[in-house]
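Counting from 1, one number per residue, gives the positions in the sequence shown under UniProt numbering.
For every residue, glycine included, the Cβ atom is placed at its ideal position computed from N, Cα and C.
Just so you know, these numbers come straight off a predicted model, no measurement behind them.
A quick write-up on the structure given underneath.
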Amino acid sequence: MVRRSIQLILQARGYDVRAFSSGVQALADPSVVEAACLVTDYRMAGMTGLDLLRGLRAVGWRRPAILITAHRSDYIAEGEDTLFDEILEKPLLDRRLCACVDRATGRA
């Protein structure tokens, strides 16, 4: 439900959005490396958003990444607080999400 809401919000703003049901599915899709920006939740089935970003970085993907989390302390506890360009805490506000993606993609 959250994934679909984010997809609809960003599509309404004119973004081409590819949504995946898991980080594993995203990493398996060759088109993911073409993404101008990554928006991912921290807690997902099978892997964390941090694991997803590490997987993308391992294949040379170097574009902006935005993390969505309800538990910022989990992410910071992993000692990786500089890998993401932006961290958005839940509950997520549409305008804040759009502002972050606009900055990440150079629309701001």
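{"query": "Residues of its chain near W61, where Cβ-Cβ distance is below 7 Å and the 5 sequence neighbours each way are ignored", "result": "V33"}
{"query": "Assigned exposure category for T48 - 16 Cβ within 10 Å defines buried", "result": "buried"}
{"query": "Simplified DSSP assignment, three categories, for T105", "result": "helix"}
{"query": "8 Å CB neighbourhood of L88 in its chain, flanking five on each side removed", "result": "I66, L67, I68, T69, R96, L97, C100"}
{"query": "Cut-off 7 Å between Cβ atoms - residues of its own chain near D102, not counting five sequence neighbours on either side", "result": "A108"}
{"query": "Cα-Cα separation between L52 and F20, rounded to whole angstroms", "result": "12 Å"}
{"query": "Through-space distance from P91 to C37, alpha-carbon basis", "result": "21 Å"}
{"query": "A58 and D85 closer than 8 Å at C-beta", "result": "no"}
{"query": "Rounded distance between the beta-carbons of G46 and G23, thought under 8 Å", "result": "6 Å"}
{"query": "Start-to-end residues for the alpha helix (DSSP H) that takes in V2", "result": "2 to 12"}
{"query": "L83 beta carbon less than 8 Å from that of L50", "result": "yes"}
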